[in-house]
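2 protein chains.
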Amino acid sequence: MGMVQFVHPPREDITLAGVLAALADPMRLRIVKSLLERKDCMSCTEAAPCPGMAKSTLSNHFRVLREAGLIQTSKKGVEHRNVVREADINARFPKLLKTILGMADEG
Amino acid sequence: MGMVQFVHPPREDITLAGVLAALADPMRLRIVKSLLERKDCMSCTEAAPCPGMAKSTLSNHFRVLREAGLIQTSKKGVEHRNVVREADINARFPKLLKTILGMADEG
DNA sequence: TCAATAGTTCACTATTACTGAACTATTGAA
DNA sequence: TTCAATAGTTCAGTAATAGTGAACTATTGA
Numbered sequence: 093m094g095m096v097q098f099v100h101p102p103r104e105d106i107t108l109a110g111v112l113a114a115l116a117d118p119m120r121l122r123i124v125k126s127l128l129e130r131k132d133c134m135s136c137t138e139a140a141p142c143p144g145m146a147k148s149t150l151s152n153h154f155r156v157l158r159e160a161g162l163i164q165t166s167k168k169g170v171e172h173r174n175v176v177r178e179a180d181i182n183a184r185f186p187k188l189l190k191t192i193l194g195m196a197d198e199g
Numbered sequence: 093m094g095m096v097q098f099v100h101p102p103r104e105d106i107t108l109a110g111v112l113a114a115l116a117d118p119m120r121l122r123i124v125k126s127l128l129e130r131k132d133c134m135s136c137t138e139a140a141p142c143p144g145m146a147k148s149t150l151s152n153h154f155r156v157l158r159e160a161g162l163i164q165t166s167k168k169g170v171e172h173r174n175v176v177r178e179a180d181i182n183a184r185f186p187k188l189l190k191t192i193l194g195m196a197d198e199g
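Protein chains in written order, with this note's numbering: chain A, 93 to 199; chain B, 93 to 199.
Below, the structure is given as structure tokens:
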């Protein structure tokens, strides 16, 4: 009871609109970029390069990314580890992630 | 006075977040796709394949696309003609438009 | 001059995002 | 064990944003 359960949509339920909406927020774009650069899992606070932000806001951003199918979250001890679902996104929308993330610096 | 003036950001002010946010709405994605397929200018009601929608909502969608730098609107008689700013978007974010629009069917 | 058409603007409501506070879960130490 | 610390979620309230009908502007054409 009260046990946290994460919602991860199956690959086929990932929508373009959902992915774009998730990445349309600069903070979330930075989180995904940060996760991709490190390749390995990262905790929420690690992945979010924005110290001033409220914990609840951060938590909400990760939920949005999760429900859009962009990241996979799993529990590891006291923290939650996140990875980008590269294979799923690339299968569904080839090159989309690479194209968007490759531009995330100058935009 | 009361004369409608359109806001068109210069190329360098077009942001990735703005473009993604604009395209994250399914209706707006369809509008852009519709505009691109026809190549020539289209009026707002022509470009929007959604008869049930309120005029004010439609007008707002075009405003969002315009302010994101995705479309250029000009007055032609009683109607407003719209074109996708392909050159500007492609200069700013190469292949982004093609990548996203190419997936807009199955997502 | 009047009606029709195309779209915008306004004011209102409905939905969504941000936040602090309270809560759950896990670890590690006394 | 118990207690404090850490990581993150959930909740409730407010702030910001989107959708809508109604009123408005502008243009055409009879």
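Glycine included, each C-beta is placed from N, C-alpha and C at the ideal position.
Fewer than three Cβ pairs drawn from the segment 95-110 of chain A and the segment 94-113 of chain B lie within less than 8 Å of each other, which leaves the two stretches out of contact. Neighbours of Met-195(A) across chain B, judged by C-beta separation under 7 Å: Leu-108, Phe-185 and Leu-188. Under the three-state reduction of DSSP, His-153(A) is assigned to helix. At a Cβ-Cβ threshold of 8 Å, Asn-174(A) and Met-119(A) do not count as neighbours. Going by beta carbons, Ile-192(B) and Leu-115(B) fall inside the 8 Å limit. Judged by DSSP in its simplified three-state form, Lys-187(B) adopts coil rather than helix or strand. Sequence-distant Cβ neighbours of Leu-121(B) in its own chain, meaning closer than 7 Å and more than five residues away, are Leu-115 and Ala-196. Taking each of Val-170(B), Leu-112(B) and Ile-181(B) in turn and checking the Cα distance to Leu-188(A), the smallest one comes out for Leu-112(B).
Minimum Cα-Cα distance from Val-170(B) among the listed residues Ser-126(B), Leu-157(B) and Thr-137(B) corresponds to Thr-137(B). Ranking Ile-163(B), His-153(B), Lys-125(B) and Arg-130(B) by CA distance to the CA of Ala-179(B) puts Ile-163(B) first. Against chain A, the CB of Pro-118(B) has a partner CB under 8 Å away; the residue lies at that interface. If you ignore the 5 residues before and after Lys-125(A), its C-beta comes within less than 6 Å of the C-beta of Leu-193 and Ala-196, all in its own chain and listed in chain order. When the five nearest sequence neighbours on each side are left out, the beta carbons in the same chain lying within less than 6 Å of the beta carbon of Ser-166(B) are those of Arg-173, in order along the chain.
Closer than 8 Å to the CB of Ala-113(B) there is at least one CB belonging to chain A. The beta carbons of Arg-158(A) and Phe-98(A) sit about 6 Å from each other, so the pair counts as a contact at 8 Å. In the structure shown, Met-119(B) adopts helical secondary structure according to DSSP, grouped into three states. Rounded to whole angstroms, the separation of the alpha carbons of Ala-183(B) and Arg-155(B) is 22 Å. In the DSSP assignment, the residues bridged to His-172(B) are Lys-167(B). Counting only Cβ-Cβ distances below 9 Å, Leu-121(B) has contacts in chain A at Leu-108, Ala-109 and Leu-112, in chain order. Rounded to the nearest whole angstrom, the CA to CA distance from Lys-190(A) to His-153(B) is 27 Å.
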